[in-house]
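Okay, so here's the structure we're looking at.
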Ligand code: ADP
């Protein structure tokens, strides 16, 4: 069923491309305009993977468009290279290689700084094309005489010359581009791209090497740009120097925003709007250069009223009419009884890594002399801390005691000023959060860190993928459904956090308590051997707390967990031992009974009103 729906997009694209030469002339489209739209559409497929899917806004795509275009055009016009298709592929490879090198630099920064670096890179390429490399690129004259392709099929040779004849070739390239792009966005890598767009911090924390994946998206976008740049030369029989201009990058961004980012077809639709408006306003209405004023107004209106562009707007309208995305209203709190009984869940296969019978004994985690200094402030000071396999440890302490900082150091989110951390016999001090998660140590956050644009299932898939595939794998063309154990792990986690009924609900539509449970689910889906929960009950209503405590009890079976919480009743009910932190130090450690009756703890919490904790 899913497969049929998947191929539906490919089939519809093919049908539309076949129908276009018959339908579009009736609407007044010239073949050259259609070809130009397709070249922009192909250019935009890669850019949408980078911007729409991975959330990286680059203003430097002209650099790769120009690189691919000029390499192909140079081979064909100056180097006597006979094969147009091969030249286009070489241009694409050159652009991808350039993208790799540029990506290594640009991706060292995020957000506006990344965008600014890409602007600078585009400018550098433009300068280089006109000056040091003008002997190769023709400078401001460009490279004239780019030939059109032909394809030798053995029994006959197909020549693609101009107009609708060349359209066949460009349309085929576009179709191939769509098929490849669809495979990529439906692959595990595509899923991780979306996770990076929504929450890079959490994508890293659940064990993905996001730098590697960002670089992958950057190279893919550069490859698409390079091939499209080559096609531009073929289409115009001339490689124009303005392919390298910053305007080209800007036009691509605007077309993608108009058509709808994160839709793959948005850039094509945006290009159609842009080029037809240009033709109509410039030629038919004789507005000349003022046509951009009208375009600017159209752009502002579209961005204001259709934030997800034309295709995004159509998809939203369709979803609204069919109610597809609405999986019911937020449920404030689902009774525990709706889920499988806790005992059943805990006994089900997966993903509890250690069942009581095969559980190793002894310490799983040891921290020695752990200290964290923020300037003059000592957030954690000389903490010695050991947790054994299978233990459920609670950590309490007043606000500012250093609990969250301690967790951040254990998961290597922040590095200690001094001291060491050993996890399963291995010194993990100074490692990064991704590698530590891959080793089996992760945490749920005090403030939810979810993938807000995805559904509950998609969230858990992201986390489960890291355990099943490792921190980086280029399975770009593999269907996500074909990963062994993924569906089981996700289903099991859904049951553990009691969200089975909300599987296809977008995160934005979840009630707060459900979001908290999903937050725990994300950590669980990585299948950790040590799970840290930072205030899992924070912000919950009393009823939600009772239910979540039950849930935590069921989750804790066969697992090693450390829980920070302010709700001491809940923590004393859950934990076997409790560590009390105060002013960055371990105040005392013991069983819940010992802690309740400890006068130092009562002093710390209640200013010496003895006996209140125990009451
Ligand atoms: P808790 O979780 O027990 O409330 P925290 O670990 O969040 O305590 O904070 C301990 C102390 O460290 C606080 O005084 C806090 O202001 C300080 N602190 C935490 N993170 C930082 C940071 N990134 N920079 C500076 N000070 C910090």
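In my numbering, the protein residues as written are 15 to 629. Idealized CB from N, CA, C, for every residue including glycine.
Just to confirm, does residue 543 get its C-beta within under 7 Å of one of the non-hydrogen atoms of the ligand ADP? Incorrect: residue 543 has no Cβ contact closer than 7 Å to the ligand ADP.
Spatially closest choice to residue 398 from 382, 390, 387 and 386, by CA coordinates: Cα-wise, what sits closest to residue 398 is 382.
Does the stretch 305–315 touch the stretch 258–267, meaning 3 or more C-beta pairs lie closer than 8 Å? Because the criterion of three Cβ pairs below 8 Å is not met, the stretch 258–267 and the stretch 305–315 do not touch.
Pick helix, strand or coil for residue 312, following the three-state DSSP scheme. Shown here, residue 312 sits in a helix according to DSSP, grouped into three states.
Where do the N-terminal and C-terminal ends of the alpha helix (DSSP H) with residue 323 fall, by residue? Taken as a continuous stretch (DSSP letters only), the alpha helix (DSSP H) holding residue 323 covers 323–336.
Does the distance from the CB of residue 540 to the CB of residue 218 come in under 8 Å? Taking the C-beta atoms as reference points, residue 218 is found no nearer than 8 Å to residue 540.
Am I right that residue 220 and residue 451 are in contact with their C-beta atoms under 8 Å? What's the rounded C-beta distance? So it is a contact: roughly 6 Å between Cβ atoms.
Give the DSSP-derived three-state secondary structure of residue 84 in the structure shown. Looking at residue 84 - three-state DSSP - the assignment turns out to be helix.
If I measure Cβ to Cβ from residue 55 and keep anything under 7 Å in the same chain, skipping five residues before and after, which residues do I get? 188, 281, 282 and 285.
Does the count of Cβ pairs from the stretch 415–423 and the stretch 189–196 closer than 8 Å reach three? Counting Cβ pairs under 8 Å, fewer than three are found: no touch.
Can you say whether residue 508 is buried or exposed, counting buried as having 16 or more other CB atoms within 10 angstroms of its CB? Counting C-beta atoms within 10 angstroms of its own C-beta, residue 508 has 16 or more neighbours from the protein chains shown and is therefore classed as buried.
For residue 37, count neighbouring C-beta atoms within 10 Å of its own C-beta (all shown protein chains included) and say buried if the count is 16 or more, exposed if not. If you draw a 10 Å sphere on the C-beta of residue 37, you find fewer than 16 other C-beta atoms in it, and that means exposed.
Identify which residue in 70, 606 and 440 has its Cα closest to the Cα of residue 236. Per the Cα distances, 70.
CA nearest to the CA of residue 472, picked from 24, 502 and 520: Ranking the options by Cα distance to residue 472, first place goes to 520.
How many Å lie between residue 72 and residue 30 at the Cα? In this structure, the straight-line span from the alpha carbon of residue 72 to that of residue 30 is close to 30 Å.
For the alpha helix (DSSP H) containing residue 108, list its first residue and its last residue. Counting along the chain, the alpha helix (DSSP H) containing residue 108 begins and ends at 98–120.
Below 7 Å, is the gap between the Cβ of residue 418 and the nearest heavy atom of the ligand ADP? Correct: residue 418 has its Cβ closer than 7 Å to the ligand ADP.
Residue 618 Cβ short of 7 Å to the ligand ADP heavy atom set: Proximity of the beta carbon of residue 618 to the ligand ADP is not indicated: no heavy atom of the ligand is located closer than 7 Å.
Quick one: is the Cβ of residue 231 within less than 7 Å of any heavy atom of the ligand ADP? For residue 231, the Cβ stays outside the 7 Å cut-off from all heavy atoms of the ligand ADP.
Pull up the DSSP beta-bridge partners for residue 546, would you. In the DSSP assignment, the residues bridged to residue 546 are 457 and 576.
Exposure of residue 439, with buried meaning 16 or more beta-carbon neighbours within 10 Å: Residue burial annotation: residue 439 is exposed, with fewer than 16 other C-beta atoms found within 10 angstroms of its C-beta.
First and last residue of the beta strand (DSSP E) that includes residue 593? Per DSSP, the continuous beta strand (DSSP E) segment holding residue 593 begins and ends at 591–596.
At which residues does the beta strand (DSSP E) containing residue 173 begin and terminate? Going by DSSP, residue 173 is part of the beta strand (DSSP E) stretching over 171–173.
Whole angstroms are fine: how far does the CA of residue 407 sit from the CA of residue 512? About 23 Å.
For residue 440, write down the residues that DSSP places opposite it in a beta bridge. 437, per the DSSP bridge assignment.
Straight-line Cα distance separating residue 78 from residue 157: Taking the Cα positions, residue 157 is about 17 Å away from residue 78.
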